Amino acid sequence: MKESVKKECSRFHRRLLVGPSKGFTLIELLVVLIIIGILAGYVGPKIMGRPEEARRTKAALQIGGLETGLKMYKLDNSVYPTTEQGLQALVEPPSSGRLPPKWRDGGYLDARRVPKDPWGNDFVYLSPGLNGDFDLSSYGADGVAGGEGDNADINNWELE
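Take the sequence shown: its position 93, counting from 1, is numbered 92 in numbering that gives the first Met the number 0, and each next residue is one higher.
The structure is reproduced here in structure tokens:
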């Protein structure tokens, strides 16, 4: 009997020295999971429901990059590429039309290729433009001129 009392006392002392268990209880874990579920249910649809807005923003940024390339082309060659030469003149020297006297080795775009808009369509380039020295557009999700909402055109002269 004396030994069993000693064992109980030593267990009690160990608990006092070590402290309570360092894990989470089932209730604490359930509360955390419920909070995460509520947040995911509220925030998830707001974030995931905006891919078209992200595509429109990306198209505007791409147009800005193409504008920069076109302006660098003009600085070197005193003119913008013609409509026929198109944006391809930014990545390889044109072989027809006004030939650029000082075409830059490596081209005028970092990617060394003309990007597609976020919907996989070609950007529309017109030089001289109807709204400035050149017009640069993405026709939006439907790939057709005009439209509203996600199908609305994104134009360089409207971004400035």
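From the three backbone atoms N, C-alpha and C, an ideal C-beta is built for every residue, glycine too. Just so we're clear, the structure is a prediction, and the values are computed from it rather than from any experiment.
Asked, Found
"Cα separation between V123 and R54?", "17 Å"
"Let's test the definition: count the other Cβ atoms within 10 Å of the Cβ of A88 and tell me whether it reaches 16, buried, or not, exposed.", "buried"
"On the DSSP bridge assignment, give the partners of Y79 in chain order.", "None; Y79 has no bridge partner."
"Quick check on this structure: which residue in D149, G40, Y72 has the alpha carbon closest to the alpha carbon of S137?", "D149"
"Pick out whichever of L60, A58, K101 has its Cα sitting closest to the Cα of V78.", "K101"
"Can you find the residues in the same chain that come closer than 7 Å, C-beta to C-beta, to R103, ignoring five residues on each side of it along the sequence?", "D75"
"Which value, in whole angstroms, describes the spacing of the CA atoms of D141 and A39?", "31 Å"
"Taking the beta strand (DSSP E) that L158 belongs to, which residues open and close that run?", "L158 -> not in any beta strand (DSSP E); alpha helix (DSSP H) instead, spanning 155-158."
"Could you give the C-beta distance for D132 and W156, rounded to a whole number, given that I count them as a contact under 8 Å?", "Actually they do not touch by this definition, with Cβ atoms about 10 Å apart."
"Quick check: the Cα distance between R111 and L86, rounded to an integer number of angstroms?", "11 Å"
"Is there at least one Cβ from chain B nearer than 8 Å to F133's Cβ?", "Reference to chain B is not applicable here, since this structure consists of a single protein chain."
"So is L29 buried or exposed if we call it buried at 16+ other beta carbons inside 10 Å?", "exposed"
"Can you tell which of G105, Y72, E83 has the C-alpha that lies nearest to the C-alpha of S203?", "A question about residue 203 goes unanswered here, because the residues of the chain that appear run from 0 up to 159."
"Considering Cα atoms alone, identify which of N130, G119, S126 is closest to V143.", "G119"
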